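In my numbering, the protein residues as written are 91 to 212.
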């Protein structure tokens with residue numbers, strides 16, 4: 091009987107990333123966690139131009155993050171907004187785009203329903 095190979099264990103508190111191996115060319119949207127990592131690199135290397143930042147992450151040894159200079163420019167303009175989004179919602183680091191709540195009462199009711207749906211009805 092053959093068994094499936096075990097998947098490597100990842101740290102539970104490490105944010106999800108869309109980084110992929112160097113040899114994989116598939117483009118994916120970056121998560122908020124990925125963009126915050128890019129912003130941190132930009133802040134710590136203010137002398138680098140945006141193209142150099144894009145090239146750095148395109149060859150990053152721990153996992154490639156593929157994005158364009160244009161996308162970086164747009165995200166840099168929203169730097170403060172992205173940080174606020176990450177602070178306001180603990181699950182935001184896993185998301186690829188901001189979800190705007192139009193009806194907060196409905197959103198709260200859905201949240202309560204979801205929390206109660208796992209419990210047994212007596």
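We put the beta carbon where it would ideally sit given N, CA and C, even for glycine.
No experiment lies behind these values; they were computed from the predicted model shown.
- By the Cβ rule, the region 147 to 160 counts as touching the region 118 to 136, because three or more pairs are nearer than 8 angstroms.
- Following the DSSP letters along the chain, one finds residue 146 inside the alpha helix (DSSP H) bounded by residues 140 to 148.
- Membership of residue 124 in the alpha helix (DSSP H) is indicated by the continuous run 122 to 134.
- Closest by C-alpha distance to residue 133, out of 141, 166, 118, is 166.
- Beta-carbon to beta-carbon, residue 162 and residue 143 are separated by about 6 angstroms, close enough to satisfy the 8 angstroms threshold.
- Your pair residue 176 and residue 122 checks out as a contact, with CB atoms roughly 6 angstroms apart and the cut at 8 angstroms.
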